[in-house]
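Just so we're aligned: the sequence shown equals residues 80 to 453 in the working numbering. Backbone N, C-alpha and C define an ideal beta-carbon position, used for all residues, glycine too.
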Amino acid sequence: MSPYLPFTRPTIDEQTIAEVGEVLRSGWLASGPYVAKFESALSSYLGGRKVLTLTSGTAALEVALMAAGVGHGDEVIVPAMSFAASANVVLRLGAVPVFVDVDLTTRNLDVAHLENAISGRTRAIMPVHFAGLPADLDRIHVVARKYALRVVEDAAHAIGSRHRGRRIGSFGDIACFSFHPNKNMTTIEGGAIAFEHAQEGRLIAAERFHGIEHDADGNIDVLRAGGKFNLSDISARIGIAQLERLDTFSARRRELAAIYFEELASDPPGVLPERGDDGHCWNMFTLLLPFERLGLTRRQFQQAMGGRGIAVGVHYPSIPGLSAYRRLNYREEHYPNAARIGRETVTLPLFPAMTDADVHRVCQSLRHVLANRA
80 MSPYLPFTRP TIDEQTIAEV GEVLRSGWLA SGPYVAKFES ALSSYLGGRK
130 VLTLTSGTAA LEVALMAAGV GHGDEVIVPA MSFAASANVV LRLGAVPVFV
180 DVDLTTRNLD VAHLENAISG RTRAIMPVHF AGLPADLDRI HVVARKYALR
230 VVEDAAHAIG SRHRGRRIGS FGDIACFSFH PNKNMTTIEG GAIAFEHAQE
280 GRLIAAERFH GIEHDADGNI DVLRAGGKFN LSDISARIGI AQLERLDTFS
330 ARRRELAAIY FEELASDPPG VLPERGDDGH CWNMFTLLLP FERLGLTRRQ
380 FQQAMGGRGI AVGVHYPSIP GLSAYRRLNY REEHYPNAAR IGRETVTLPL
430 FPAMTDADVH RVCQSLRHVL ANRA
């Protein structure tokens with residue numbers, strides 16, 4: 080019987096495990112020399128951009144919005160299709176998420192609807208690079224400059240992606256990354272903010288560690304009621320090793336995605352994702368299946384695929400359809416593409432350790448399940 084195939088799995092080698100053991104034996108487990116080395120390596124990878132790490136991509140988004148000046152009563156434009164964290168962090172700051180529908184194939188914010196969502200209270204735009212496909216940053220920044228808005232990129236899926244030849248996070252305003260185990264590289268849990276302005280770096284550094292700032296003599300002061308979002312040296316040591324292999328990981332993901340397209344493009348079972356170019360890091364491979372027309376539910380499809388040893392994820396329900404947002408009077412039907420994606424999306428296995436044969440097996444199983452749905 081074929082081995083069970085999860086929809087994602089991190090690649091951590093024995094050398095990295097041994098290096099983590101060295102950190103544990105060193106006695107310095109919280110933020111220390113490896114955090115500094117990891118931040119320096121990330122900065123180099125992003126062309127010299129300033130980078131600070133945090134405990135998660137969600138923490139990165141929340142602190143980045145603070146640094147961008149978002150506060151109570153402000154509005155932040157968010158795609159209606161993303162993980163809930165993209166909007167949750169806005170609410171946590173007392174601000175208001177203003178949703179914009181997404182394109183059906185790119186799953187990214189539809190810039191054609193962007194200006195209609197801007198009001199006098201809008202403070203920032205938060206584009207999401209869904210599955211690693213860069214959003215239309217050129218057009219987004221044109222609109223942002225026109226209305227004097229900040230652009231805080233939710234690049235949780237996009238470490239290793241390029242836009243017009245430049246790495247996401249190496250340019251622009253502020254970009255936030257996630258290093259969760261289901262991302263292209265991991266620190267187990269962790270995230271980072273790439274930014275331009277030094278004064279914002281001071282705020283980010285203070286906010287991630289109790290609002291503390293040190294003077295030249297090493298004395299501390301607390302400038303604000305900060306949080307506690309500092310990365311550990313254990314996580315940073317994993318991150319250093321992962322970053323060294325990131326481009327190799329992403330290249331393999333592109334190869335696997337290409338096989339999916341070869342298998343599915345001639346007789347697509349539903350709506351395939353946007354293919355993008357060689358700058359796409361392919362964090363996920365999602366497609367839309369018309370379950371109502373097929374006469375089965377998504378849960379039935381997942382169970383049938385699971386019975387054949389293949390896990391299928393769901394990325395994601397539309398945010399306005401979630402209970403927390405329905406209670407705030409958001410309505411999923413106002414964002415028809417996001418609503419459809421939320422109903423029909425499935426995430427197929429994609430991670431660097433997969434073989435070409437694994438992709439063929441997934442596609443064969445998918446066709447079998449759909450052909451035998453009755």
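Exercise for the section: Enumerate in chain order the residues of its own chain whose CB-to-CB distance from Ala285 is below 8 angstroms, with the five nearest sequence positions on each side excluded. Expected result: Ile291, Glu292, Leu302, Arg303 and Gly305
Problem - Three or more C-beta pairs below 8 angstroms linking the region 240–250 and the region 203–218 - result: The region 240–250 and the region 203–218 touch, with no fewer than 3 CB-CB distances between them shorter than 8 angstroms.
Problem - Close beta carbons around Ala418, own chain, < 7 angstroms, minus the five adjacent residues each side - result: Ser397, Gly400, Glu411 and Glu412
Practice task
Check whether the Cβ of Gly374 lies closer than 8 angstroms to any heavy atom of the ligand SAM, and answer yes or no.
Solution key: Looking for the ligand SAM in the displayed structure turns up nothing, as the structure carries no ligands at all.
Handout entry: Through-space distance from Lys116 to Gln53, alpha-carbon basis
Key = As displayed, the chain neither begins before 80 nor continues past 453, which places residue 53 out of reach and without an answer.
Exercise for the section: Specify, as a first and last residue, the run of the alpha helix (DSSP H) that Lys456 falls within. Expected result: Outside the shown range of the chain (80 to 453) lies residue 456, about which nothing can therefore be said.
Handout entry: Cβ pair Phe430, Thr95 closer than 9 angstroms
Key = no
Problem - Beta carbon of Arg218 nearer than 9 angstroms to that of Leu183 - result: no
Practice task
Let me know the secondary structure DSSP gives His293 once reduced to three states.
Solution key: strand
Handout entry: First through last residue of the alpha helix (DSSP H) which encompasses Arg410
Key = Where Arg410 is concerned, there is no enclosing alpha helix (DSSP H), given that its DSSP letter is neither H nor E.
Exercise for the section: Pick out whichever of Gly106, His242 and Ala273 has its Cα sitting closest to the Cα of Leu216. Expected result: His242
Exercise for the section: May I ask you to report which of helix, strand or coil DSSP gives Thr307? Expected result: According to the sequence as given, residue 307 is Lys; it is not Thr. Lys307 falls in the strand class under three-state DSSP.
Exercise for the section: Mind checking who Pro176 pairs with in its DSSP beta bridge? Expected result: Val155
Handout entry: Buried or exposed (CB count within 10 angstroms, at least 16 for buried), Pro82
Key = exposed
Practice task
Just confirm the distance between the C-beta atoms of Met264 and Phe328, as a whole number of angstroms; I'd bet it's less than 8 angstroms.
Solution key: Between Met264 and Phe328 the beta-carbon gap is near 7 angstroms, inside 8 angstroms, which marks them as a contact.
Exercise for the section: May I ask you to list the residues that DSSP assigns as paired with Phe274? Expected result: Lys129
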